[in-house]
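Novice: One structure, as C-alpha coordinates, below. Some questions next.
Numbering (the numbering used here), first residue to last: 32 to 223.
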(Lines of atoms letter the chains of each structure in order from A and count residues from 1; the text may use other names and numbers.)
(Lines give C-alpha, C1' and ligand atoms only; values in the text may rest on other atoms or scores of the structure.)
Protein backbone atom coordinates (compact mmCIF):
# COMPACT_ATOMS: atom_id res chain seq x y z
CA UNK A 1 0.00 0.00 0.00
CA UNK A 2 1.39 3.38 -0.92
CA UNK A 3 1.73 6.35 1.35
CA UNK A 4 -1.03 8.30 -0.43
CA UNK A 5 -3.43 5.33 -0.20
CA UNK A 6 -2.89 5.14 3.57
CA UNK A 7 -3.45 8.87 3.98
CA UNK A 8 -6.67 8.82 1.98
CA UNK A 9 -8.07 5.90 4.05
CA UNK A 10 -7.57 7.80 7.33
CA UNK A 11 -10.12 10.52 6.59
CA UNK A 12 -12.66 7.84 5.52
CA UNK A 13 -12.01 5.88 8.70
CA UNK A 14 -12.39 9.05 10.78
CA UNK A 15 -15.56 9.92 8.89
CA UNK A 16 -17.02 6.44 9.54
CA UNK A 17 -16.25 6.61 13.27
CA UNK A 18 -17.69 10.10 13.52
CA UNK A 19 -20.83 9.06 11.67
CA UNK A 20 -21.29 5.96 13.87
CA UNK A 21 -20.77 8.03 17.01
CA UNK A 22 -23.30 10.59 15.83
CA UNK A 23 -25.87 7.86 15.05
CA UNK A 24 -25.31 6.27 18.49
CA UNK A 25 -25.75 9.63 20.25
CA UNK A 26 -28.94 10.35 18.31
CA UNK A 27 -30.35 6.91 19.14
CA UNK A 28 -29.62 7.40 22.82
CA UNK A 29 -31.07 10.92 22.77
CA UNK A 30 -34.24 9.51 21.21
CA UNK A 31 -34.72 7.26 24.25
CA UNK A 32 -34.81 10.22 26.62
CA UNK A 33 -38.57 10.74 26.48
CA UNK A 34 -39.50 7.09 27.10
CA UNK A 35 -41.49 6.80 30.29
CA UNK A 36 -41.20 3.52 32.15
CA UNK A 37 -43.27 2.54 35.12
CA UNK A 38 -41.80 0.10 37.59
CA UNK A 39 -44.22 -2.44 38.95
CA UNK A 40 -43.26 -4.41 42.04
CA UNK A 41 -45.08 -7.47 43.31
CA UNK A 42 -47.22 -6.71 46.33
CA UNK A 43 -47.83 -10.31 47.40
CA UNK A 44 -46.18 -13.71 46.93
CA UNK A 45 -47.51 -15.98 44.19
CA UNK A 46 -50.45 -18.03 45.40
CA UNK A 47 -50.89 -16.00 48.58
CA UNK A 48 -53.34 -13.34 49.72
CA UNK A 49 -50.88 -11.81 52.21
CA UNK A 50 -49.96 -8.26 51.13
CA UNK A 51 -46.25 -7.57 51.60
CA UNK A 52 -46.10 -4.03 50.27
CA UNK A 53 -48.57 -1.24 49.66
CA UNK A 54 -47.71 2.28 48.57
CA UNK A 55 -51.05 3.67 49.72
CA UNK A 56 -51.03 6.11 52.63
CA UNK A 57 -52.83 4.73 55.65
CA UNK A 58 -55.38 6.78 57.52
CA UNK A 59 -55.14 6.57 61.30
CA UNK A 60 -56.71 8.22 64.32
CA UNK A 61 -53.71 10.57 64.41
CA UNK A 62 -54.39 11.90 60.92
CA UNK A 63 -53.65 10.79 57.39
CA UNK A 64 -50.30 9.01 57.18
CA UNK A 65 -49.54 9.67 60.87
CA UNK A 66 -48.98 7.11 63.59
CA UNK A 67 -48.46 6.99 67.34
CA UNK A 68 -44.73 6.76 66.59
CA UNK A 69 -44.91 10.09 64.74
CA UNK A 70 -46.43 11.70 67.83
CA UNK A 71 -43.95 10.17 70.28
CA UNK A 72 -40.77 10.22 68.20
CA UNK A 73 -41.36 12.98 65.66
CA UNK A 74 -42.31 12.83 61.99
CA UNK A 75 -40.85 13.67 58.61
CA UNK A 76 -42.47 17.12 58.88
CA UNK A 77 -40.17 18.01 61.76
CA UNK A 78 -36.46 18.66 61.31
CA UNK A 79 -34.18 15.72 62.05
CA UNK A 80 -32.44 15.64 65.41
CA UNK A 81 -29.88 13.20 64.00
CA UNK A 82 -26.26 14.25 63.91
CA UNK A 83 -24.78 15.48 60.66
CA UNK A 84 -21.77 13.19 61.07
CA UNK A 85 -23.61 9.89 60.64
CA UNK A 86 -26.18 8.72 58.11
CA UNK A 87 -28.80 7.60 60.64
CA UNK A 88 -30.54 9.04 63.69
CA UNK A 89 -27.92 9.63 66.37
CA UNK A 90 -30.29 8.72 69.23
CA UNK A 91 -31.17 5.37 67.66
CA UNK A 92 -27.50 4.70 66.87
CA UNK A 93 -26.30 5.43 70.40
CA UNK A 94 -29.23 3.56 71.96
CA UNK A 95 -28.54 0.52 69.77
CA UNK A 96 -24.89 0.46 70.80
CA UNK A 97 -25.84 0.87 74.47
CA UNK A 98 -28.44 -1.91 74.29
CA UNK A 99 -26.20 -4.52 72.64
CA UNK A 100 -23.04 -3.49 74.50
CA UNK A 101 -22.99 -6.75 76.49
CA UNK A 102 -22.41 -8.69 73.23
CA UNK A 103 -19.16 -8.69 71.24
CA UNK A 104 -19.41 -6.40 68.19
CA UNK A 105 -18.44 -7.85 64.81
CA UNK A 106 -19.18 -4.72 62.78
CA UNK A 107 -20.71 -1.27 63.24
CA UNK A 108 -21.44 0.98 60.25
CA UNK A 109 -22.79 4.39 61.33
CA UNK A 110 -23.34 5.55 57.75
CA UNK A 111 -25.41 2.54 56.72
CA UNK A 112 -26.97 2.09 60.15
CA UNK A 113 -25.95 -1.55 60.60
CA UNK A 114 -24.66 -3.15 63.79
CA UNK A 115 -23.64 -6.81 63.66
CA UNK A 116 -22.72 -8.70 66.81
CA UNK A 117 -20.71 -11.86 67.13
CA UNK A 118 -22.09 -14.94 68.87
CA UNK A 119 -22.74 -14.41 72.58
CA UNK A 120 -23.17 -17.25 75.04
CA UNK A 121 -24.68 -16.35 78.39
CA UNK A 122 -22.47 -17.88 81.10
CA UNK A 123 -25.58 -18.76 83.13
CA UNK A 124 -27.20 -20.71 80.24
CA UNK A 125 -24.79 -23.22 78.76
CA UNK A 126 -25.37 -24.67 75.28
CA UNK A 127 -27.22 -21.67 73.87
CA UNK A 128 -25.86 -18.63 72.04
CA UNK A 129 -27.29 -15.60 70.25
CA UNK A 130 -26.27 -13.18 67.51
CA UNK A 131 -27.97 -9.87 66.59
CA UNK A 132 -28.19 -7.80 63.44
CA UNK A 133 -29.49 -4.29 64.20
CA UNK A 134 -30.67 -2.13 61.30
CA UNK A 135 -31.41 1.57 61.77
CA UNK A 136 -33.74 2.48 58.93
CA UNK A 137 -34.38 6.21 59.25
CA UNK A 138 -32.81 9.55 60.11
CA UNK A 139 -35.88 10.31 62.23
CA UNK A 140 -36.46 8.97 65.73
CA UNK A 141 -39.48 6.85 64.87
CA UNK A 142 -40.94 3.64 66.21
CA UNK A 143 -40.36 1.89 62.87
CA UNK A 144 -36.83 3.27 62.53
CA UNK A 145 -35.05 0.20 63.93
CA UNK A 146 -35.23 -3.53 63.13
CA UNK A 147 -33.47 -6.35 64.97
CA UNK A 148 -32.83 -9.81 63.55
CA UNK A 149 -32.04 -12.39 66.24
CA UNK A 150 -30.22 -15.64 65.50
CA UNK A 151 -30.04 -18.50 67.98
CA UNK A 152 -27.98 -21.67 68.08
CA UNK A 153 -28.04 -24.57 70.51
CA UNK A 154 -25.27 -27.04 71.15
CA UNK A 155 -26.20 -30.61 70.24
CA UNK A 156 -23.61 -33.35 70.33
CA UNK A 157 -20.72 -30.89 70.40
CA UNK A 158 -21.95 -28.97 67.31
CA UNK A 159 -23.85 -25.69 67.13
CA UNK A 160 -27.21 -26.02 65.36
CA UNK A 161 -29.59 -23.22 64.33
CA UNK A 162 -32.68 -22.96 66.51
CA UNK A 163 -35.99 -21.13 66.17
CA UNK A 164 -36.34 -17.67 67.70
CA UNK A 165 -39.65 -16.19 68.74
CA UNK A 166 -40.51 -12.86 67.06
CA UNK A 167 -41.12 -11.38 70.51
CA UNK A 168 -37.38 -11.58 71.24
CA UNK A 169 -36.52 -9.22 68.38
CA UNK A 170 -39.42 -6.93 69.28
CA UNK A 171 -38.27 -6.83 72.90
CA UNK A 172 -34.79 -5.69 71.85
CA UNK A 173 -36.29 -3.13 69.45
CA UNK A 174 -38.43 -1.75 72.28
CA UNK A 175 -35.40 -1.58 74.59
CA UNK A 176 -33.51 0.37 71.91
CA UNK A 177 -36.44 2.75 71.38
CA UNK A 178 -36.82 3.30 75.13
CA UNK A 179 -33.12 4.11 75.47
CA UNK A 180 -33.28 6.44 72.42
CA UNK A 181 -36.19 8.28 74.00
CA UNK A 182 -34.22 8.65 77.24
CA UNK A 183 -31.24 10.05 75.33
CA UNK A 184 -33.49 12.50 73.48
CA UNK A 185 -35.18 13.69 76.67
CA UNK A 186 -31.78 14.09 78.36
CA UNK A 187 -30.49 16.19 75.47
CA UNK A 188 -33.64 18.32 75.40
CA UNK A 189 -33.17 18.93 79.15
CA UNK A 190 -29.61 20.11 78.55
CA UNK A 191 -30.74 22.46 75.78
CA UNK A 192 -33.42 24.12 77.94
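Where is the CB? At the ideal position from N, CA and C, for every residue including glycine.
(1) Once DSSP output is grouped into helix, strand and coil, what is the label at residue 149?
(2) With contact counted as at least three CB pairs below 8 angstroms, one residue from each stretch, are the segment 202-217 and the segment 184-192 in contact?
(3) Find the nearest neighbour of residue 174 within the set 122, 54, 51 and 53, judged by alpha-carbon distance.
(4) Hey, residue 225 and residue 204 are a contact pair by Cβ (cut 8 angstroms); roughly how many whole angstroms apart?
(5) How would you write the range of the alpha helix (DSSP H) that residue 218 sits in, first residue to last?
(6) What distance in whole Å lies between the Cβ atoms of residue 195 and residue 180, which are believed to be in contact at a cut-off of 8 angstroms?
(7) Just to confirm before moving on: does the CB-CB distance between residue 146 and residue 137 stay below 9 angstroms?
(8) For residue 132, I'd like the list of residues in its chain whose CB is within less than 8 angstroms of its CB, leaving aside the five on either flank, ordered along the chain.
(9) Quickly, what does DSSP pair residue 176 with across the bridge? List them, please.
(10) Tell me the rounded alpha-carbon separation between residue 140 and residue 168.
(11) In terms of residues, what are the limits of the beta strand (DSSP E) holding residue 139?
(12) Looking at the secondary structure, which residues open and close the alpha helix (DSSP H) in which residue 128 lies?
(13) Is the beta carbon of residue 165 closer than 9 angstroms to that of residue 182?
(14) Would you kindly work out how many angstroms separate the C-alpha atoms of residue 129 and residue 135, rounded to a whole number?
(15) Indicate whether residue 144 and residue 163 have their beta-carbon atoms separated by less than 9 angstroms.
(16) Using three-state DSSP, classify residue 194 as helix, strand or coil.
(17) Determine which residues share a DSSP beta bridge with residue 159 and list them.
(18) Which residues in the same chain as residue 216 place their Cβ atom closer than 6 angstroms to its Cβ, once the five residues preceding and following it in sequence are excluded?
Specialist: Working from what's here:
(1) Taking the chain shown and counting its residues from 1, one reaches residue 149 at position 118. DSSP places residue 149 in coil when its eight states are reduced to three.
(2) Not touching, per the Cβ criterion.
(3) Counting from 1 along the chain shown, the entry for residue 174 is found at position 143. Nearest option by C-alpha distance: 122.
(4) With the chain covering only 32 through 223, there is no way to say anything about residue 225.
(5) For the purposes of this step, residue 218 is identified with residue 187 of the chain shown, where counting begins at 1. From DSSP, the alpha helix (DSSP H) with residue 218 extends over 197-222.
(6) Translated into the one-based positions of the chain shown, residue 180 becomes position 149. Translated into the one-based positions of the chain shown, residue 195 becomes position 164. 5 angstroms between Cβ atoms; contact.
(7) Walking along the chain shown from the start, residue 146 turns up at place 115. Walking along the chain shown from the start, residue 137 turns up at place 106. Cβ distance < 9 angstroms, so residue 146 and residue 137 count as in contact.
(8) Here residue 132 refers to the residue found at position 101 of the chain shown. 150, listed in sequence order.
(9) In the chain shown, the residue the question calls residue 176 occupies position 145. Residue 176 is bridged to 166.
(10) As a working note, residue 140 is residue 109 in the chain shown. As a working note, residue 168 is residue 137 in the chain shown. Spanning the two alpha carbons is a distance of roughly 12 angstroms.
(11) For the purposes of this step, residue 139 is identified with residue 108 of the chain shown, where counting begins at 1. 135-139 is the extent of the beta strand (DSSP E) around residue 139.
(12) Taking the first residue of the chain shown as 1, we reach residue 128 at position 97. That run of the alpha helix (DSSP H) goes 120-129.
(13) The sequence position of residue 182 within the chain shown is 151, counting from 1. The sequence position of residue 165 within the chain shown is 134, counting from 1. No, the pair does not count as a contact, with Cβ atoms beyond the cut-off.
(14) On the chain shown, residue 129 is found 98 positions in, with the first residue counted as 1. On the chain shown, residue 135 is found 104 positions in, with the first residue counted as 1. Residue 129 and residue 135: Cα-Cα distance of roughly 12 angstroms.
(15) Locating residue 144 in the chain shown gives position 113, where the first residue counts as 1. Locating residue 163 in the chain shown gives position 132, where the first residue counts as 1. In this structure, the beta-carbon distance from residue 144 to residue 163 falls below 9 angstroms.
(16) Locating residue 194 in the chain shown gives position 163, where the first residue counts as 1. Three-state DSSP puts residue 194 in coil, outside helix and strand.
(17) As a position in the chain shown, residue 159 is number 128, starting the count at 1. Per DSSP, 151 and 183.
(18) By one-based count along the chain shown, residue 216 stands at place 185. If we look at residue 216 and ignore the five residues flanking it on each side, it has no Cβ neighbours.
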